[in-house]
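Asker: Sequences listed follow chains A and B, in order. Per the UniProt record's numbering, residue 1 is the first one in the first sequence, and the count goes up by one each step. Per the UniProt record's numbering, residue 1 is the first one in the second sequence, and the count goes up by one each step.
Protein chains: 2
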Amino acid sequence: NMFVDFDIMSLVIHVCHLNRKFTRLPHLAGSQQNLDLAKQIRDEWMEFGLDSVELVPYDVLLSYPNKTNPNYISIVDHLGTEIFNTSLAEPVPEGYEDVTDIVPPYSAFSAKGQPEDELVYVNYGRTEDFFKLERELGINCSGKIVIARYGKIFRGNKVKNAMLAGAKGIVLFSDPADYCADGVEPYPDGWNLPGGGAQRGNVLNLNGAGDPLTPGYPAKEYTYRSSLEDAVGLPKIPVHPIGYHDAVHLLQHMGGPHPPDNWKGSLNISYRIGPGFTDGLNQNKVRMNIHTNNQVTRIYNVIGWIRGAVEPDRYVILGGHRDAWVFGGIDPVSGAAVVHENVRAAGKLMKKGWRPRRTLIFASWDAEEFGLLGSTEWAEDHARVLQERAVAYINADSAIEVCLSICLSIYINASDVNSVFLKVSSPEEGEEGMTLYQSWHKRDNSTERDAPWISKLGSGSDFEAYFIRLGIASGRARYTKNRKTERYSSYPVYHSVYETYEIVERFYDPSFRRLEAVARVRGGLIFSLADSPVLPLDCVEYAMSLTKYANSIYQLALKHPAAMQQHSVSFDSLFFAVENFTVVARDFHQRLDQLDTSNALAVRMVNDQLMYLERAFTDPLGLPGRPFYRHIIFAPSSHNKYAGESFPGIYDALFDIENAVDWQKAWDEVKRQISIAAFTVNAAAETLKPVVS
Amino acid sequence: NMFVDFDIMSLVIHVCHLNRKFTRLPHLAGSQQNLDLAKQIRDEWMEFGLDSVELVPYDVLLSYPNKTNPNYISIVDHLGTEIFNTSLAEPVPEGYEDVTDIVPPYSAFSAKGQPEDELVYVNYGRTEDFFKLERELGINCSGKIVIARYGKIFRGNKVKNAMLAGAKGIVLFSDPADYCADGVEPYPDGWNLPGGGAQRGNVLNLNGAGDPLTPGYPAKEYTYRSSLEDAVGLPKIPVHPIGYHDAVHLLQHMGGPHPPDNWKGSLNISYRIGPGFTDGLNQNKVRMNIHTNNQVTRIYNVIGWIRGAVEPDRYVILGGHRDAWVFGGIDPVSGAAVVHENVRAAGKLMKKGWRPRRTLIFASWDAEEFGLLGSTEWAEDHARVLQERAVAYINADSAIEVCLSICLSIYINASDVNSVFLKVSSPEEGEEGMTLYQSWHKRDNSTERDAPWISKLGSGSDFEAYFIRLGIASGRARYTKNRKTERYSSYPVYHSVYETYEIVERFYDPSFRRLEAVARVRGGLIFSLADSPVLPLDCVEYAMSLTKYANSIYQLALKHPAAMQQHSVSFDSLFFAVENFTVVARDFHQRLDQLDTSNALAVRMVNDQLMYLERAFTDPLGLPGRPFYRHIIFAPSSHNKYAGESFPGIYDALFDIENAVDWQKAWDEVKRQISIAAFTVNAAAETLKPVVS
């Protein structure tokens, strides 16, 4: 089976080299270094033997700290004197002392400003945290500066919640409870976050819009750009990230009530929520000094093509980003190296005369860190052809976060996924002879079907525009934390200067065999999608997931039995639709078993049905208030972009409904969303029926 | 050439019979008679030999007069006594005296109410008419009842304009200037509108939404329905239509200034605009008495299928509506008969062993008169499969309005259109031996290319959802008035009780040979689209039209040279895009000439490019404020639904821009719309390029 066993014997060596090569310098989006790297990748991909490779530029809104006027947070006394300032940069790791252009920790797209006020601690800054503050603890954040710990949800959601609560600034910090594993040393002696490390990151609420100035359209030279006031998703308040050494200073003398126990992180302080400070310093305040600039900047995607031999107008895409906050040892290089090696492997096969049935597209995205900008602009630019021609998109962001798990759009045929996993060897010591599937299953076998857990795709990486906006079947696969046993968020050094090549080499994947395994999985998936005469997509799997999701959203609604009855809310139409889809999907696959695969047109027709099924779940009207999230079955949660929500329209309508101002309206919206979901599932089912009524 | 010369020898006889059969009874949407007719059509289509025929119901909002409380307009004196009332019904034409269920003239979806106030004459009620009233004549319609003559624009736009002007009711009347041809007698002695006749019609502003309660989704049993307050497009004021005999009473004693000469119709009165009355009756007012009810009602489309032999998953649709305001002699029966005879002809061919390459769908739409509801609901219901599979939609509304002209989406290959027209004989007396093309050319040869004029598709008939929302290449062909020589609007008896079978038989098409010619043209188009191995769609034609439209919108902008310069407005990006499209289209057709037509997959691929080109011109974000008008090149005019506007986004941004409140904002919007248009044209061009970069 060519596309699984493709020639990647040299991969392990190359991943190793490449990882080093890609991480010598910072590759911030918009920087000369990142353009140089783009050119290098283009040239190498051409050498590897792709049919064509191009740099594709867009001019998007980025955001950088002011080099001469640094960002920091102060404690100021009653005279206005700054008696404590947070650090301006992270201590640089050994071996990188001479590197210039390390961008200090900052929150990209923060508003400028120097707000000064009392501090309120808001735990993770989640919707439920603000509810607790306002409804149970009686603390009003309006006009205050809030401080939230990183973790649990996307930082942009924290900022949005702070704005909704009326805060005039928000400080984000990494608490050891969330960014240090027990018994592990801080880098460089271990892989925990040092106290001086801080998490960079954008704080946008784009909801899939891409470049904030050109929502819905690619940011080309001639494209109209809105004013900054009309831009999508920019926070209106200053935001800044700090490490836990600095956080202690801000938090240790606060006033106000004690927080609930589960709000206390691992900082060695006596926790108070605020507002204000209680010791002799109770006239002290916190001042944010933020001078970050928004700036339209040119970015570059690298796009490589292998023309399909039989169906050149069917595209399978493997894309991952290239830009990094600093060295990007894990994010994105562990992913970019995988793409690079897959291109190399494909090139080798081509030199032996191979050419895939369908067209393969490889993408090195720029400016993912600034809001998935490179991938979204390209998706906007080519929406029409992608709509018509894209079979699947496989994402290649960070390959390793530690323990083995996998996130996949469940539409990617599980048996096919499994067959890929069955053909790859476990890279773990002591698991010689074990397949990757067995290794995975051993670590995470929680499902009722005695199979490893496959997660819903959320967002926070470049598949978003492809999957959620355009309805292209998408998948991702990587080593990630064990849902059940590992409590910390992402990985400790995430988006800090300590994401180096060495941290991977010393701790995450010393043999680079995990990277190799991920490369084989991602490669296996795209080669299977590009080469199988009948697309390896499984509608019955989709039906099973729909059933699960329908049950789960119904259970959520059932928390309001009286209201359900009073407003005559019924989920019958949705359950009928899911049942209809299930029957139709089963029939479809039965007919598929009888397919005469020598009939090119007949194969094309069922493949069109398979390909367009995911498209059928999208609705051009989008979700309420989120026009670029068009998938009716999956969307990033409105409360945490990183998480995927199923039946998001219904979910959002039900959210906090007991506190709605107008119950009639609120339950009407639930009914409307059920109706839309039911219709969409029926409409998707129709695409799988025999093509003539 | 089978699909042009298909067996319609019997057509002329059948059209004649059918026309009589379909017009014996009123067939108002939602009535038992119209359901009975649907069943009859279903049964006959099955007999003719279609593969399947189904009745497809939807439950949509319709609107009927209150049977026990009729609508009328009064003049009331200062005591409140009604001293004149308009007639409650039209005099019934000879031979139809015993017919029950003739719905009296009314404005469907009018608000209920009995407003009473002074009257203001607003000419045609166009945007420019209200501008003239307010800006030049200093007349304020706020709080008044306005009276507008029918004609020039869609009546719903008149009502919208009246609402925007603050009127609290609007009376619509048919002026002889617009509804009587010189030297022609009123029906039954001629084809002019009698003084007691009035034009029914809906007064919605749906902007393509379909059923007002379920915008974007099919009105099925389980579908969520909005409240009437949230419904799309319902007028908030009473509206009522009257004939010119009644209009004279309302208009003859009005006060206020004299109107401009071109506002005077042909009523034999001394014109005044109002408000109020000047003679001894100056305390008189006008009272509207409107009791029309909105009501969710079941409607039925009839949908018939012929499975394609080679590509069953490619659909060619011929659709026309079945519902009529009363007898529908012209509208819709002259179209419905054509569909019926095409089905019969196709059935005959099938019995001889023929089966089209692609699937043919025949549709008899319901409730077109109530806002294109049947066709739009079906489009919404099947949007996913239509998006994937529909090759083209040919509309079959009224076939004859008198003189020969043709309206076509210009994307339908002109040479192919011409070849159809060349194969049909002229039905005109004295043109024996002449082709239909020659006959057409003789009457209307105004274009610079020495070819007959092909109009832009506007709206007002059932192609709207298919073309403007879904981006399916669409066409219509019928006998219509000569743009240059005939001044009256539509045809005199339009939507009156006088649209009988007899008016067609006596005046419009005594031999029924014009109907036959239209049947051959519409049939020729769908058979060509369904049977040609390579789709007969011409991208170079499209490019030429784009050039024309770009020049024309540029000329419009040039009326503001100073503002253009001040706001740096450039059309360069649009002209570059059109040039790019032109080059790409030419290359595409050159490659097409080299196509190996024996390679099924290769043919499928270019056909996909041809089919999806029209789709590529649509934008899921829609036009500003009109989410269901998604075509960036064509939309119904915002000021007259009947008319097609090219580059409608730019056009609307430029409209009346000299009176914009905020010039900066207004010109920014022009720039944004130019950018969207340029991008869309480039994106469409991309779909025609070789499929791999």
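Note that CB positions come from ideal geometry on N, CA and C, so glycine has one too. Keep in mind that this is a model prediction, so the values were computed, not measured.
Could you tell me which chain A residues have their CB closer than 8 Å to the CB of B/E97, listed as they occur along the chain?
Answerer: Correct list: empty, because the minimum Cβ distance to chain A is about 43 Å.
Asker: Could you compute how far the alpha carbon of A/I75 sits from the alpha carbon of A/K158?
Answerer: Answer to the nearest angstrom: the Cα atoms are 22 Å apart.
Asker: Within 10 angstroms of the Cβ of B/D211, are there 16 or more other Cβ atoms? Answer buried if so, exposed if not.
Answerer: The residue in question, B/D211, is buried, as its Cβ has 16 or more Cβ neighbours within 10 Å.
Asker: For a cutoff of 8 Å on Cβ pairs, would you count B/F571 as touching chain A?
Answerer: Not closer than 8 Å to any Cβ of chain A, the Cβ of B/F571 fails to qualify, so no.
Asker: Indicate whether the contact test is met: 3 or more Cβ pairs, each with one atom in the stretch 359–377 of chain B and one in the stretch 296–311 of chain B, closer than 8 Å.
Answerer: Yes, the stretch 359–377 of chain B is in contact with the stretch 296–311 of chain B.
Asker: Any beta-carbon of chain A closer than 8 Å to the one on B/S675?
Answerer: Yes, contact with chain A.
Asker: Smallest Cα separation from A/K643: which of A/G471, A/A585, A/R126?
Answerer: Position check: residue 643 of chain A holds Ala in this sequence, whereas Lys was assumed. Per the Cα distances, A/R126.
Asker: Straight-line CA distance for A/L373 to A/A367?
Answerer: Going from the Cα of A/L373 to the Cα of A/A367 covers about 5 Å.
Asker: Could you give the residue range of the beta strand (DSSP E) that holds A/P241?
Answerer: Looking at the DSSP string, the run of the beta strand (DSSP E) that includes A/P241 is 239–242.
Asker: Quick check: is the beta carbon of B/H382 nearer than 8 Å to any beta carbon in chain A?
Answerer: Output row for B/H382: interface = yes.
Asker: So which residues of chain A does B/M605 contact, with C-beta pairs closer than 7 Å?
Answerer: Here the neighbours are D313.
Asker: What is the DSSP secondary structure of A/H17, counted as helix, strand or coil?
Answerer: In the structure shown, A/H17 sits in a helix (DSSP, three-state: H, G or I).
Asker: Quick check: what's the CA-CA separation for B/A111 versus B/F634?
Answerer: Computed Cα separation, rounded: 31 Å.
Asker: Enumerate in chain order the residues of its own chain whose CB-to-CB distance from A/V120 is below 6 Å, with the five nearest sequence positions on each side excluded.
Answerer: Closer than 6 Å at the Cβ level, and outside the excluded window around A/V120, lie C141, K144, V146, G274, P275.
Asker: Does DSSP put B/D7 in a helix, in a strand, or in coil?
Answerer: At B/D7 the pLDDT is 48, less than 50, meaning the model places this residue with poor confidence and gives no usable figure here.
Asker: What are the start and end residues of the alpha helix (DSSP H) that includes B/N34?
Answerer: Per DSSP, B/N34 belongs to the alpha helix (DSSP H) from 32–48.
Asker: Just to confirm the assignment: which complete alpha helix (DSSP H) runs, minimum length 4, are found wholly within the stretch 74–112 of chain B?
Answerer: DSSP runs (the alpha helix (DSSP H)) wholly in the stretch 74–112 of chain B: none.
Asker: Examine chain A for any beta-carbon lying closer than 8 Å to the beta-carbon of B/Y651, and answer yes or no.
Answerer: No, its Cβ sits nowhere closer than 8 Å to a Cβ of chain A.
Asker: Go ahead and label B/E658 buried or exposed: buried means 16 or more other beta carbons lie within 10 angstroms of its beta carbon, across all protein chains shown.
Answerer: B/E658 comes out exposed.
Asker: Could you give the DSSP three-state label for A/D608: helix, strand or coil?
Answerer: Three-state DSSP puts A/D608 in a helix.
Asker: Quick one: using the 10 Å Cβ neighbour count with 16 as the cut-off for buried, is B/E614 buried or exposed?
Answerer: B/E614 comes out buried.
Asker: Just to confirm the assignment: which complete alpha helix (DSSP H) runs, minimum length 4, are found wholly within the stretch 177–259 of chain B?
Answerer: Qualifying alpha helix (DSSP H) stretches, in chain order: 244–251.
Asker: Roughly how many whole angstroms lie between the Cα atoms of B/Q32 and B/V103?
Answerer: Taking the straight line from one Cα to the other gives about 14 Å.
Asker: According to the neighbour-count rule (16 or more other Cβ atoms, all chains shown, within 10 Å of its Cβ), is B/I472 buried or exposed?
Answerer: Buried: at least 16 other Cβ atoms inside 10 Å.
Asker: Using CA atoms only, rank isn't needed, just tell me which of A/L250, A/V171, A/G255 is closest to A/V239.
Answerer: Among A/L250, A/V171, A/G255, the Cα nearest to that of A/V239 belongs to A/V171.
Asker: Assuming contact is defined by CB atoms lying nearer than 8 Å, are A/A684 and A/F588 in contact in what I supplied?
Answerer: No, these two residues do not count as a Cβ contact at 8 Å.
Asker: Are A/D175 and A/R155 touching if we call contact CB-CB under 8 Å?
Answerer: Contact: no.
Asker: Candidates B/Y549, B/A177, B/V569: which alpha carbon is nearest B/L558's?
Answerer: It is B/V569.
Asker: Our contact map puts A/I329 next to A/I503 with C-beta atoms below 8 Å; I'd like the distance itself, whole angstroms only.
Answerer: It should be noted that the sequence gives Gly, not Ile, for residue 329 of chain A. That pair is a contact at about 5 Å.
Asker: With H, G and I counted as helix, E and B as strand and the rest as coil, what does DSSP make of B/P561?
Answerer: Correct three-state label for B/P561: helix.
Asker: Let me know the beta strand (DSSP E) ranges lying completely inside the stretch 417–488 of chain B, each 3 residues or longer, listed in chain order.
Answerer: The stretch 417–488 of chain B contains these whole beta strand (DSSP E) runs: 474–476.
Asker: Mind listing which residues of the stretch 298–324 of chain B have their C-beta closer than 8 Å to chain A's C-betas, in chain order?
Answerer: Within the stretch 298–324 of chain B, the residues whose Cβ lies closer than 8 Å to some Cβ of chain A are I303, W305, R307, G308, V310, E311, P312, D313, listed in chain order.
Asker: Could you tell me the boundaries of the alpha helix (DSSP H) in which B/V159 lies?
Answerer: Its alpha helix (DSSP H) spans residues 155–164.
Asker: Which of the three DSSP states is assigned to A/Y549 in this structure?
Answerer: Helix, per DSSP.
Asker: By how many angstroms is the C-alpha of A/C539 removed from the C-alpha of A/Y629?
Answerer: Cα to Cα, A/Y629 sits roughly 22 Å from A/C539.
Asker: CB-CB under 7 Å to A/A396, same chain, minus the five flanking residues each way: which ones, in chain order?
Answerer: So the qualifying residues of the chain are L318, G319, G320, G335, V338, V339, R522.
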